[in-house]
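K.L.:
Here's a structure for you.
Numbering (my numbering), first residue to last: 7 to 338.
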């Protein structure tokens with residue numbers, strides 16, 4: 007069948023970019039199928055898979071029981087058997103019910119089999135707060151997954167990455183976990199007609215600068231860009247680096263930025279203690295200590311379960327003003 011596609015010159019949304027990536031992958035390869043809770047007739051909890059059931063039928067868009075361990079395990083088995091499954095887990099919090107499958111099976115089988123059993127599985131899940139969904143639906147646990155050898159961890163923050171990260175992820179012989187920040191689904195813009203598959207090994211400099219490097223990913227990227235705009239009005243030039251791949255981290259791009267600016271601010275919606283921001287800050291210090299003119303600053307989520315009340319949730323999350331303040335401290 008011929009897939010419906012959003013013309014690249016027309017406005018689209020993050021949600022639609024993800025959907026078109028799946029539609030293109032399923033049209034190109036009969037081994038690709040989607041499975042998860044409510045991905046069929048309902049169109050996915052966040053509307054990402056809307057219309058795919060009508061295009062590809064129930065054999066390739068499969069609603070599953072409410073058992074993350076069961077359907078992630080089924081995805082692992084399908085991948086081992088030669089299929090290319092895309093498994094949708096509704097939120098990162100619910101993925102904890104499938105940690106045994108992800109950590110002890112998907113991530114380890116290639117190593118434990120001496121390279122004989124690959125698990126080319128893609129797991130998509132929503133992450134992050136800012137939508138008043140309270141603690142059991144709002145945490146940012148990407149750092150937990152970035153800790154695990156044997157998987158690749160992606161965090162698309164812009165339309166082009168949402169649209170073009172899936173194809174190389176499906177081609178990866180290792181399991182890939184894709185984190186989609188819930189605040190981004192309605193983000194809109196125009197896709198570059200020349201955009202293509204993303205190099206999953208590299209971070210991206212989203213805004214050049216000379217005075218301070220702001221390193222972040224996912225839902226915090228746009229806050230970092232807004233902070234850079236504010237800083238520019240005060241004469242501070244902030245370079246914004248989007249990690250986009252959280253495992254393996256692209257040290258070269260981050261350190262290259264720090265060598266230009268000599269200062270760094272790491273922004274992570276996750277918790278500060280033992281989090282991804284700590285890993286990035288440690289790598290900057292270990293490999294770029296003599297390039298630094300100030301200590302590495304970190305802006306992270308408050309160490310509390312994410313609150314439900316709007317004003318408390320906002321207070322618990324990194325905000326533009328927090329990034330601006332950290333950058334000013336670094337610049338001095």
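Positions of the beta carbon are idealized from the N, C-alpha and C atoms, including for glycine.
Under 8 angstroms, with one C-beta from each stretch per pair, do the stretch 102 to 111 and the stretch 46 to 65 reach the 3-pair mark?
P.N.:
The stretch 102 to 111, when compared against the stretch 46 to 65, does not touch it at the 8 angstroms Cβ threshold.
K.L.:
Please say whether residue 255 and residue 152 have beta carbons closer to each other than 9 angstroms?
P.N.:
Working through the chain shown from its first residue, we reach residue 152 at position 146. Working through the chain shown from its first residue, we reach residue 255 at position 249. Their beta carbons are under 9 angstroms apart, which means residue 152 touches residue 255 by this criterion.
K.L.:
To the nearest angstrom, report how far apart residue 318 and residue 140 are at their CA atoms.
P.N.:
As a working mapping, residue 318 is identified with position 312 in the chain shown. As a working mapping, residue 140 is identified with position 134 in the chain shown. If you take the alpha carbons of residue 318 and residue 140, they lie about 10 angstroms apart.
K.L.:
Excluding the five sequence neighbours on either side, which residues of its own chain have a C-beta within less than 6 angstroms of the C-beta of residue 14, listed in chain order?
P.N.:
The count along the chain shown starts at 1 and reaches residue 14 at position 8. The predicted model places residue 14 with a pLDDT of 48, which falls under 50 and marks its position as unreliable; any figure quoted below should be read in that light. Cβ within range, chain order: 197 and 199.
K.L.:
For residue 132, which option in 191, 230 and 308 has the closest C-alpha, if you only look at C-alpha atoms?
P.N.:
By 1-based counting over the chain shown, the position of residue 132 is 126. When each option's Cα is compared against that of residue 132, the closest is 191.
K.L.:
Once you ignore the five residues that flank residue 115 on each side, which residues in its own chain have a CB closer than 7 angstroms to its CB?
P.N.:
The residue given as residue 115 occupies position 109 in the chain shown. Around residue 115: 123 and 125.
K.L.:
Tell me which residues share the same chain as residue 157 and place their Cβ nearer than 8 angstroms to its Cβ, disregarding the 5 neighbours each side in the sequence.
P.N.:
For the purposes of this step, residue 157 is taken as the residue at position 151 of the chain shown. Correct list, in chain order: 108, 112, 113, 151, 180, 181, 182, 183 and 253.
K.L.:
Does DSSP put residue 135 in a helix, in a strand, or in coil?
P.N.:
As a position in the chain shown, residue 135 is number 129, starting the count at 1. Here residue 135 sits in coil by DSSP.
K.L.:
Beta-carbon within less than 6 angstroms of residue 326's beta-carbon, same chain only, minus the 5 sequence neighbours each way: which residues are those?
P.N.:
Here residue 326 corresponds to residue number 320 of the chain shown, with the count starting at 1. Result list for residue 326: 229, 232 and 233, in chain order.
K.L.:
Out of 194, 216, 171 and 212, point me to the one whose CA is closest to residue 203's CA.
P.N.:
Locating residue 203 in the chain shown gives position 197, counting from the first residue. For residue 203, the nearest C-alpha among the options comes from 171.
K.L.:
With a cut-off of 8 angstroms, do at least 3 Cβ pairs link the stretch 211 to 224 to the stretch 260 to 272?
P.N.:
Verdict: yes, contact present.
K.L.:
Which two residues bound the contiguous beta strand (DSSP E) that contains residue 210?
P.N.:
What you label residue 210 is simply residue 204 of the chain shown in a count that begins at 1. Residue 210 -> beta strand (DSSP E) spans 210 to 213.
K.L.:
What separation, rounded to the nearest whole angstrom, lies between the Cα atoms of residue 6 and residue 195?
P.N.:
Shown here, the chain extends from 7 to 338; a query on residue 6 therefore has no answer.
K.L.:
Quick check on the burial criterion: 16 or more other C-beta atoms within 10 angstroms. Buried or exposed for residue 338?
P.N.:
Mapped onto the chain shown, residue 338 falls at position 332. Its Cβ having fewer than 16 others within 10 Å, residue 338 is exposed.
K.L.:
Find the nearest neighbour of residue 334 within the set 308, 300 and 315, judged by alpha-carbon distance.
P.N.:
Position 328 of the chain shown holds residue 334. Residue 334 has its Cα closest to that of 300, out of 308, 300 and 315.
K.L.:
Roughly how many angstroms separate the alpha carbons of residue 173 and residue 25, rounded to a whole number?
P.N.:
Against the chain shown, residue 173 aligns to sequence position 167. Against the chain shown, residue 25 aligns to sequence position 19. When rounded, the distance between both Cα atoms is 12 angstroms.
K.L.:
When you compare only the Cα positions, how much space is there between residue 159 and residue 224?
P.N.:
Residue mapping note: residue 159 aligns to position 153 of the chain shown, counting from 1. Residue mapping note: residue 224 aligns to position 218 of the chain shown, counting from 1. Each residue's Cα considered, the two are about 12 angstroms apart.
K.L.:
I need the straight-line Cα distance from residue 293 to residue 274, nearest angstrom please.
P.N.:
As a first step, residue 293 must be located in the chain shown, where it is residue number 287. As a first step, residue 274 must be located in the chain shown, where it is residue number 268. In a straight line, the C-alpha of residue 293 is about 20 angstroms away from that of residue 274.
K.L.:
If you draw a straight line from the alpha carbon of residue 322 to that of residue 220, how long is it in whole angstroms?
P.N.:
Counting from one through the chain shown, the residue named residue 322 turns up at place 316. Counting from one through the chain shown, the residue named residue 220 turns up at place 214. Whole-angstrom Cα-Cα distance: 20 angstroms.
K.L.:
Answer with buried or exposed for residue 237, where buried requires no fewer than 16 other C-beta atoms within 10 angstroms of its C-beta.
P.N.:
On the chain shown, position 231 is the one that residue 237 refers to. The residue is buried, with at least 16 neighbouring Cβ atoms inside 10 Å.
K.L.:
Just the Cα atoms here: how many angstroms apart are residue 283 and residue 239?
P.N.:
Locating residue 283 in the chain shown gives position 277, counting from the first residue. Locating residue 239 in the chain shown gives position 233, counting from the first residue. Looking at the two C-alpha atoms, the distance is approximately 27 angstroms.
K.L.:
Within this structure, are the beta carbons of residue 31 and residue 127 separated by less than 9 angstroms?
P.N.:
For the purposes of this step, residue 31 is taken as residue 25 along the chain shown, with counting starting at 1. For the purposes of this step, residue 127 is taken as residue 121 along the chain shown, with counting starting at 1. Taking 9 angstroms as the Cβ cut-off, residue 31 and residue 127 do not qualify as a contacting pair.
K.L.:
Run the CB neighbour count on residue 162, radius 10 Å, all protein chains shown included, and call it buried at 16 or more, exposed below.
P.N.:
Here the question's residue 162 lines up with position 156 in the chain shown. Under this definition residue 162 is a buried residue.
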